[in-house]
Structure formats: C-alpha cells, structure tokens
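Written below as structure tokens is the structure these notes are about.
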Amino acid sequence: MKNICPFFTVFDLETNGLYDDNIRDLRGQADYPEHFKDDIEAFYEFSKDSVFFSAHNIAFDSSFISFLEKKKKFFCTMRENTEIKNGKFPKLMEAADYYGIKVEEFNLHDSRYDAFLCMAVIKAMANEKNKKLLRLLK
C-alpha cells in the first residue's frame with residue numbers, strides 16, 4: 482500500500498485513503514489523467530472565470546493549485562464554521578450535521594461526495610445569510 486503522493490503524512494493517508502491500490506481500484510477504466518498535476522490545465526480552463534473558490538479547508542486544497550494564488554476571493558466552510566466547535570475547526574461532516582444535512586458516512590472522503598456536501602453546507606450558510614459568503618456572491 483504505497484503512498485501515491487510523497488508529501489502526504491500518515492494521518493493524511495488514513496483520512497483520505499489515497500493509496501496507489503485504492504486509487505487504481507476507484508479509477509477503473511477512467512480516461513482522465515491519473516494524477517491531478519497532469520490535469521491542472523483542464524481544471525484551469527474549467528474554473529478560470531470563477532468569481533471565487535470555496536472548499537472545506539481551502540488552504541489545503543489551494544496548496545496544490547498554483548493559479549489560485551492569483552485569486553483573492555476564497556470561502557472556507559471549515560474556517561467560517563468554527564463557532565459550531567467552540568473555536569475549533571469542524572470536520573465537513575460536523576458542519577453538515579450542524580446545518581441539518583444528511584451525511585452518508587461511507588461516502589466521506591470521496592472527492593465527488595465531499596464537493597456535494599460542501600456545496601450543501603454553502604447553500605445552508607447562504608440561507609442563514611452568512612455575511613462573508615453574501616459579500617462574495619454580490
């Protein structure tokens with residue numbers, strides 16, 4: 482069970498399960514690039530007109546995407562929800578629970594599901610009139 486990304490820590494790998502064999506199994510017969518770094522141009526084209534970027538722990542995600550350094554507008558569902566954990570950073574599942582969003586725990590850490598869950602949290606925050614989010618949406 483070798484680690485596909487040499488700078489991931491043991492904790493990262495235990496959290497995301499991104500070992501070579503897991504990725505190989507999940508990819509199946511996919512025709513997109515095997516590594517994100519080989520697909521960065523397509524991601525840039527897809528997202529270049531975005532007004533802002535959002536994620537749960539966007540500081541971590543943006544560390545892999547060099548062109549994001551030029552973007553000034555970010556929204557982090559982890560940092561914006563510290564009040565639900567008495568000043569600590571909540572897990573995505575905890576933020577979703579707080580907003581009454583049903584969480585399928587077996588799907589956590591699947592990038593597609595995490596993106597869906599993060600969007601659901603953002604929608605809930607917009608409905609609650611989160612000031613920072615509403616400023617970004619203007």
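Residues 482 to 619 in this note's numbering are what the sequence shown spells out, letter by letter. Where a beta carbon is used, it is the ideal one built from N, C-alpha and C, also for glycine. Being a predicted model, the structure only gives us computed values, none of them experimental.
Name the two residues that bound the continuous beta strand (DSSP E) containing Ser535. Residue numbering aside, residue 535 sits at position 54 when the sequence shown is read from its first letter. In the DSSP assignment, Ser535 falls within the beta strand (DSSP E) that extends over Phe534 to Ala536.
Minimum C-alpha distance to Phe534 - residue among Ile546, Ser544, Asn562 and Lys554: In the sequence shown, residue 534 corresponds to position 53, counting from 1. That would be Lys554, whose Cα lies nearest to the Cα of Phe534.
Can you tell which of Arg593, Tyr525, Val532 and Phe570 has its C-alpha closest to the C-alpha of Leu615? Residue 615 sits at position 134 when you count from the first residue of the sequence shown. In terms of CA proximity to Leu615, Val532 leads the group Arg593, Tyr525, Val532 and Phe570.
Distance cutoff 9 Å, beta carbons only. Does His516 sit that close to anything in chain B? The structure shown contains no chain B; it holds only a single protein chain.
Beta bridge counterpart(s) of Phe555 as assigned by DSSP: Looking up residue 555 in the sequence shown gives position 74. Note: Phe555 sits in a beta bridge opposite Phe534.
Taking buried to mean at least 16 other C-beta atoms within 10 Å of its own C-beta, is Thr558 buried or exposed? Within the sequence shown, residue 558 is the residue found at index 77, counting from 1. That one is buried.
Does the beta-carbon distance from Ala577 to Ala601 come in below 9 Å? Working through the sequence shown from its first residue, we reach residue 577 at position 96. Working through the sequence shown from its first residue, we reach residue 601 at position 120. Yes, they are a contact pair.
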